[in-house]
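This report concerns only the one structure given below.
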């Protein structure tokens, strides 16, 4: 299915069921021949975002806070 095409109610229900089963957007898009972007948009709409929250960097938040505190006096909070 091309991006932007309308989906039938049956396809939406099947996509919703796969999302509830824990499939990610790429798996759903491959099995239903739908764009992964389309699947992600519907998952966001249903509150089933597959991203799992905000990504974390390799540095712990405490270390970043300490760095920021130490570098405040230089006028840049990088």
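Numbering (this note's numbering), first residue to last: 22 to 99.
Glycine is no exception: its CB is placed at the ideal position from the N, C-alpha and C atoms.
Since this is a predicted model, take the numbers as computed values, not measurements.
Would you call residue i buried or exposed, if buried means 16 or more other Cβ atoms sit within 10 Å of its Cβ?
| i | result |
| --- | --- |
| residue 29 | exposed |
| residue 52 | exposed |
| residue 85 | exposed |
| residue 39 | buried |
Residues in its own chain within less than 8 Å of residue i by CB, not counting five upstream and five downstream?
| i | result |
| --- | --- |
| residue 82 | none |
| residue 32 | 53 and 55 |
| residue 36 | 28, 49, 53, 55, 60 and 63 |
What are the boundary residues of the alpha helix (DSSP H) that residue i is part of?
| i | result |
| --- | --- |
| residue 35 | 30-41 |
| residue 61 | 57-67 |
| residue 51 | 46-53 |
| residue 87 | 82-92 |
Among residues of its own chain, excluding the 5 on either side of residue i, which ones have a beta-carbon nearer than 6 Å to its beta-carbon?
| i | result |
| --- | --- |
| residue 60 | 46, 49 and 50 |
| residue 69 | 40 |
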